[in-house]
Every structure is written in C-alpha cells, then in structure tokens.
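So the protein sequences, as listed, match chains A and B.
Per the working numbering, residue 1 is the first one in the first sequence, and the count goes up by one each step.
Per the working numbering, residue 1001 is the first one in the second sequence, and the count goes up by one each step.
Ideal Cβ positions, reconstructed from N, Cα and C, are used throughout, including at glycine.
This one's a predicted model, so the numbers in the text were calculated from it and none came from an experiment.
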Amino acid sequence: MPIQFEKVSYTYEKKSPFAHDALKGVDLLLEEGKTSAIVGKTGSGKSTLIQQMNALLNPTEGKVIIGDFINSANKKERSKDLFSLRKKVGMVFQFPEYQLFEDTVEKDVAFGPRNFGMKKEEALQAAHEALRRVGLDESFDKRSPFQLSGGEKRKVAIAGILATKPSILVLDEPTSGLDPASAEETMALFEEIKKDGTTLILVTHDMDLVLKHADQVVVMEEGEIKKVCTPEELFSLSLEEYSLDTPKVYRFAKKAIEKGIPLSLEGLHDVSSLAEALCKALRKEKK
Amino acid sequence: MSSITMGRYVPYRSPIHLLDPRTKLVCLVLLVVSVFLGYANYSTTFLMTGLSLLLVLVLFAMTRMSFLSLLKSLKSLWFMLIFLLLIYAITPRSDNLDWVAFFIYDYPIYWASILDALKILVRLMLMVALSLILTASTKPLDLTAGIEWYLSPIHFLGVNTAAWAMVLSLALRFIPTILEDVQRIMKAQSSRGVDFKRGKLTVRARALISLVVPLVVSSLVRSDELGDAMEGRGYDPRSKRTRYRKLTFHWGDLIALLLCAAFCALCITMSVTSFDPFLTWFGVTVR
C-alpha cells in the first residue's frame, strides 16, 4: 500500500500554552514496496509523521491516504474502520522490548493476531511462524520474555508485530541499543521481509543504514519536508545544511578521491561494495 | 488523560504563581478548613458556600485556569453524588425530619438528605479546585521545598527530612515521565490492535494488563538506574545539601496570608457562634 500525505499539519496540545506545531503542511508520497528512510534532527517531526500512518494520531489539518484508508482532520472524511488499518501498518517503536508483558514468548507474539480477531490456535501458529522468521527456535516458545537477553527481547517484540502480517512496516530506530552483529541481523531480516512486497519506512539517525537499505530518503526539519531524493543524491551533497552525518563508507570514499584514487561514488552501499570499488580502482591505476 | 493533566503546572506569571509556595500551602489549609465548616442553617450554608465558590472562581481567573475544564474533569463525580444521596437517604439526620421532599413507596426522602449530599459534593469540588490551583501555579520542586521547610522542625527529632523531601520530589518529578511511558506503551499496544476505549470488560481488563505490566517493569528499571546515577554523582542521604532555589517571602505573601486568614476567621466565627445573617439583619426565619 502506498502512503500519501496531503497538506498534513499536526499541533500538539492545541489551544494551550504548550501548543507546538510538529508538522507544518506536509505533502509526501511513500511508494509501495520500497524502503523510505525518514531522517532529521530530534524534534523535526519524524515520530509525529509516522504516527499518522496508522492513525495513532489524527492530523489537525489535511489528510493521509493509506491504501483504501483515509486518516483525515475532517471527521466525516475519515475512514470509519481505522482499527483494521493498524493490522495493515505494523509499527516497531524505539525499544519495542518494553511492550512485552505476557508470561511466555509465544503468547506475547500471538497477542497482536488475537487482537485482530484470529482464533487462539491460528494466532499461535502465526506466532510460531513469526518467531522462526526472526530466528528464534522452538526452545524460546515457552520461555518468559523477561528472562531473555536484550537482543532476543527485541526479536520477540519484532515478531509480535510481524505476526499480524502487515503490508507496511514502520521502523523507528530499529537497531538502537543493539550490538553490531544483532543490528545487522535485524536489518537483514527486514530486507528479507521487504522481498515479500512489504513497504518499509525507516526512521533513523544512522546514515549508514540509510545508505545501505533505503530507496528513498525524506529529510525533515522543523515539521517540514526539506528534501526527497535517493540516498546517493543526498550524500553527494554537502550535508551540513541539514545537520546530518555523512555515512562512513562515503567519508572513506571521499577521502580516497581526495588522495587521487579514481573511485566512483555510484553504487556504494556498504563496506563490501566499497571494497569492491576500491579494488577495481586500484587495479585500474596499476595498469 | 485530560483529568490527570488538569492540575499540571502551567508557566504563567500570575500573582498566584509569584507567591511563595509556603504561603500557598498555608492558604490552602486555611481555605479548605473554611470550606468544610458547618453553619447554623441551610440558607447560611448556601450563602457561605456561594461566597467560597466566588472566591475559588476569582482565584481560578487569577491563575488563568479555565473553569470549564474543571467542570469537565468533575463529570465523573456523578457516581459519587448518587452514592452520597443513597447514604443520606438511608441514614437521614435527626433534625429537619418534618421536611419531606417525596416518598418512594412509603419511604420518605427528606430534603435534608438531598441538601446534605449536595453540600458534601460542592465542598469536595471546592477542595479539589483549591488544590488544583496550588499545583497548577507552583513548580513541583518549589512545592517540595515548601513542604520540606514545614517539616524542618522534625529534623531535630532525628528524622531525615531532606531524604523524605528527596523521595517526595522524585515522586513528583517522575509523574510526567511515567505519564509519557503510559502514552508510549499505549501507542505500542494500540499498534498491536489493543483498543483501550471500547470492548467488553474482559477485553478491557486484558488491555489494561498489557499496559500495566510493561509500565511496572520500565518503572523498576528506571528507578534502579536513577539510584545508580544519583550514587554515581555522590548523593549521600545523610549529608547536608545546599539549595539552588531560595524561597523568599514578599509583601504579596503577607497580604495573601492575611486575606485567607481573614476569610477563615470569618467562617469560623460564623460557624462557632451559629450566626444567622437572615435572622439578625433582616429578621427573617429561614431553614
């Protein structure tokens, strides 16, 4: 399902001394089956933006069209059944392990499917599938989620969202607080899920992730969209304007180019593609 | 959530805000005492309650709080009213038993019962309103500083008042943090298909568990971390701490104290002497 924002504004605590405009007239299209990264400083409105996508927040102005659903400021225009929208749009919040509460892992993962109307056996089946998918074997099913390690808890929480089989998956800093190996594993899992046609929306401060995984980057600043482009396009610009970091791979490549190595920035996504490009460039130089 | 945020500190610079928290605490006690005094008859009670209500309204306006939002947050008190009515209907006071409002079959319901129930309700409302004025106009930390000041005599009895004040100020400090946690977990669970607003009682109870368990877990983790952080920065409950905020007593405080004391004295005098203004001034006998 594509997501279309039309002149969406959102004000927190309207008509109070705490009133704060988090979104100011956002127009945006997030395409189906792609990975869109949303980047920007803390307080730029990223979290507010994603919460419009499954109607946790209703816009104070404008509307969001998610497939057949409309989340609008106008109550008459708003879809009646925004509850089923939440089944379609899975949301992995920052530190999702804090949402675990059941006494066994499988029950916790089955909680979402149960809420969306699945029978107990079906829900458990979906839970087992999701758990295998995130790489937790049968031995975890009956354990208490509170006895697991941080990385395993995170996997259980993610499984709890995958179990409802959403067609859009919104990820808010999915790798924060994980060790590098688990972080890589987690992102590999999301890449895998994307292959099934799931639309991914990735909110992050980690530009390495953006470069490696995103098809499209949305740069936000103070509640407005500053730029929508591909990661390559964004990182070849000077990023100081948006106060974003340059990905490590790009920083290395740019230094290398400065030193006279004929490296092309095109097609650089991660360390291995950098290594390849570097080999190629050096080989060319030898000749 | 609006009923919880009702008494939240709002940073205006009203005359009430500028008062010393110690003054405000004494004034609160004086006014609450005034509100809860009994008078010679219903008419006098009505008159004095009206006067207190007027006073509270003026204070509300001075603190720039909206009286409408207070009424809204009191909406839930209807249950209390029915309960009080029931109690007073079953156990009518011995005086005024000739004044029957109506009969339910053969059981008499006295006007006295209805008026007493209403009286209690209005008094409770006024008390809540007064304490809301205090919390809305005083920073929680200033409030604890004020309470600590009043507790300081106990210090000589060997009670560690500073530690108790720290406990109190930490508890107050963490109310907004925990509310934030509530919001966060509610959003995460809503995304997993929990509906906190609708559904059968059993479903709602489950929804509540999915909120409370993670909340308790994260609060425990947080308090553990806080303890470590405080110790790490050299907090010792037994040593004497210096103070960043100094409480100062101004002319305004004296005036506020005198006004409140005068009002309280008026109420106490009228109550103790069973003064009936209608009989004394107009020569009219009323109930």
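Contact with chain B by residue i, beta-carbon distance below 7 Å
| i | result |
| --- | --- |
| residue 56 of chain A | yes |
| residue 180 of chain A | no |
| residue 20 of chain A | no |
| residue 207 of chain A | no |
| residue 118 of chain A | no |
| residue 10 of chain A | no |
| residue 86 of chain A | yes |
| residue 112 of chain A | yes |
| residue 53 of chain A | no |
| residue 115 of chain A | yes |
| residue 262 of chain A | no |
| residue 125 of chain A | no |
| residue 250 of chain A | no |
| residue 174 of chain A | no |
| residue 59 of chain A | no |
Within-7 Å CB hit, residue i to chain A
| i | result |
| --- | --- |
| residue 1218 of chain B | yes |
| residue 1210 of chain B | yes |
| residue 1191 of chain B | yes |
| residue 1003 of chain B | Below a pLDDT of 50, predicted positions are generally treated as unreliable, and residue 1003 of chain B, at 40, falls in that range; no measurement from the model is reported. |
| residue 1213 of chain B | yes |
| residue 1194 of chain B | yes |
| residue 1136 of chain B | no |
| residue 1187 of chain B | yes |
| residue 1010 of chain B | yes |
Residue burial classification, residue i (beta-carbon count within 10 angstroms, cutoff 16)
| i | result |
| --- | --- |
| residue 174 of chain A | buried |
| residue 1068 of chain B | exposed |
| residue 1144 of chain B | buried |
| residue 1002 of chain B | Unreliable positioning characterises residue 1002 of chain B in this predicted model, as indicated by a pLDDT of 42, which lies under 50. The coordinate reading is nonetheless provided below. Burial call: exposed. |
| residue 1129 of chain B | buried |
| residue 1004 of chain B | The pLDDT assigned to residue 1004 of chain B is 44, lower than 50, so where the model puts this residue is not dependable, and the model offers no usable value. |
| residue 1011 of chain B | exposed |
| residue 1021 of chain B | buried |
| residue 68 of chain A | exposed |
| residue 154 of chain A | buried |
| residue 1224 of chain B | exposed |
| residue 1107 of chain B | exposed |
| residue 1155 of chain B | exposed |
| residue 1160 of chain B | exposed |
| residue 145 of chain A | buried |
| residue 1183 of chain B | exposed |
| residue 1220 of chain B | exposed |
| residue 1265 of chain B | exposed |
Beta-ladder partner(s) of residue i, from DSSP
| i | result |
| --- | --- |
| residue 55 of chain A | DSSP lists no partner for residue 55 of chain A. |
| residue 1155 of chain B | Answer by DSSP bridge pairing: none, since residue 1155 of chain B is not bridged. |
| residue 172 of chain A | A:203 |
| residue 35 of chain A | A:200 |
| residue 3 of chain A | A:30 and A:66 |
| residue 12 of chain A | A:20 |
| residue 1104 of chain B | B:1107 |
| residue 225 of chain A | A:220 |
| residue 89 of chain A | A:168 |
| residue 71 of chain A | A:64 |
| residue 40 of chain A | A:220 |
Alpha-carbon to alpha-carbon, residue j and residue i
| i | j | result |
| --- | --- | --- |
| residue 1126 of chain B | residue 1168 of chain B | 25 Å |
| residue 215 of chain A | residue 168 of chain A | 15 Å |
| residue 87 of chain A | residue 1192 of chain B | 7 Å |
| residue 1071 of chain B | residue 13 of chain A | 19 Å |
| residue 19 of chain A | residue 77 of chain A | 25 Å |
| residue 7 of chain A | residue 26 of chain A | 5 Å |
| residue 280 of chain A | residue 264 of chain A | 10 Å |
| residue 180 of chain A | residue 245 of chain A | 19 Å |
| residue 54 of chain A | residue 1198 of chain B | 18 Å |
| residue 1016 of chain B | residue 1188 of chain B | 39 Å |
| residue 1259 of chain B | residue 1047 of chain B | 19 Å |
| residue 1281 of chain B | residue 73 of chain A | 60 Å |
| residue 250 of chain A | residue 135 of chain A | 32 Å |
| residue 122 of chain A | residue 1103 of chain B | 59 Å |
| residue 1052 of chain B | residue 1131 of chain B | 14 Å |
| residue 276 of chain A | residue 48 of chain A | 39 Å |
| residue 148 of chain A | residue 204 of chain A | 25 Å |
| residue 83 of chain A | residue 1206 of chain B | 17 Å |
| residue 1027 of chain B | residue 1165 of chain B | 21 Å |
Notebook entry, point to check: Between the stretch 111 to 122 of chain A and the stretch 188 to 198 of chain A, do three or more beta carbon pairs fall short of 8 Å?
Noted result: no
Notebook entry, point to check: Taking one C-beta from the stretch 96 to 103 of chain A and one from the stretch 49 to 65 of chain A each time, how about it: are there three or more such pairs within less than 8 Å?
Noted result: no
Next item on the list: Take every Cβ of the stretch 1257 to 1273 of chain B, pair it with every Cβ of the stretch 1033 to 1040 of chain B, and state whether three or more of those distances are shorter than 8 Å.
Entry: yes
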